[in-house]
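Colleague:
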Amino acid sequence: MTDARDPARILVSCLMVTLPAKQRLPYFRRSVADYCRQTHPARELVVVVDRGDPEARAEAIEHLASLRRDDIRVVEPADKLTLGALRNVSIAEARGDALCVWDDDDMHHPARVATQLGEMTRAGARALVLEEALQYFPATRTLLWTRWREIASRGLPGTLMFRRSEAVRYPEAGPDAARSEDMAGIAQLQSAGAFCPMAGAPHLYVYVSHGANTWDDDHHATIARDLAIPQARLRRNEALMRRGIAPFDFGPGDLTVKGRDGVAFVIAGKPDREQGPG
């Protein structure tokens, strides 16, 4: 990676693969807005648009064009591809020395890119994932703090950042090409060494379980049950949690922060704020 002594100069390519669907467009727009708010100066967003619903596809592309940003590029593959193949297209189109997975329906803290890149550079790592992340259920306005270090990826796969030199290749065919492609990519990085999970920054990423995700509702419920930290730890870290999520707009209404064993505390809503997708 170039400019290792000055991470601010490293170009980071944020890689988004999106399947346009009407019900997902609000999340897509929010994810793009989160990219635009990033504090890291040297960045680009590569958006690979799968076919999806033609009307939603056109609306997504029109939205990106309306932003008039030369750091956002749209790639439209001619053929129908698997998710793994689409991720490979995004890597091929990237210009950065560091690549960052940018899911189209999750929430990204303004300091996410800068913080992960800084830690990856400090640790001398070639790849990094967040060991902890927040999980949000819009239907119930429930927020959890999840820990992923005991699973194979050692972190939430959607938070992956890696050096371009690692040449990750996602599976394009077979059972892992449609949904488990991210785990296969991480396995490659782990086998190559210098893979670093980053702890202590769950606020950098909010995994949104909205009901139209790639994985079904049972999968998301299992994450909440098995990976959420207990309410006692949440209460000890309440001030940290409140500061961490301050940049996010969860829309009007109270936000219930839960542990795996019950409610820890409630964050009062701000009804005067414009309602977000949540």
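Residue 0 is where the sequence shown starts when you use numbering that gives the first Met the number 0, and the numbers rise one by one after that. The beta-carbon is built from N, C-alpha and C at its ideal position, and this holds for glycine as well. What you are looking at is a predicted structure, and each value in this text was computed from that prediction instead of being measured.
(1) So for Val262, helix, strand or coil by DSSP?
(2) Tell whether a beta-carbon distance below 8 Å holds between Gln230 and Asp260.
(3) Can you give me the start and stop residues for the beta strand (DSSP E) that Thr141 sits inside?
(4) Once you ignore the five residues that flank Ala124 on each side, which residues in its own chain have a CB closer than 6 Å to its CB?
(5) Specify whether the segment 173 to 182 and the segment 117 to 137 touch according to this definition: at least 3 beta carbon pairs, one from each stretch, less than 8 Å apart.
(6) Should Glu130 be labelled buried (16 or more other beta-carbon atoms within 10 Å of its own) or exposed?
(7) Does Leu63 come out as helix, strand or coil in the three-state DSSP assignment?
(8) Just curious, the alpha helix (DSSP H) that Ile185 is in, first and last residue?
(9) Using DSSP with H/G/I as helix, E/B as strand and the rest coil, what is Leu80?
(10) Can you tell me where the beta strand (DSSP E) with Gln22 in it begins and where it stops?
(11) Under DSSP, the alpha helix (DSSP H) around Ala41 begins and ends at which residues?
Modeller: The structure says:
(1) strand
(2) yes
(3) Thr141 to Arg146
(4) Ala193 and Cys195
(5) no
(6) buried
(7) helix
(8) Glu180 to Ala191
(9) coil
(10) First-last for Gln22: undefined, no H or E at that position.
(11) No alpha helix (DSSP H) holds Ala41; DSSP gives it neither H nor E.
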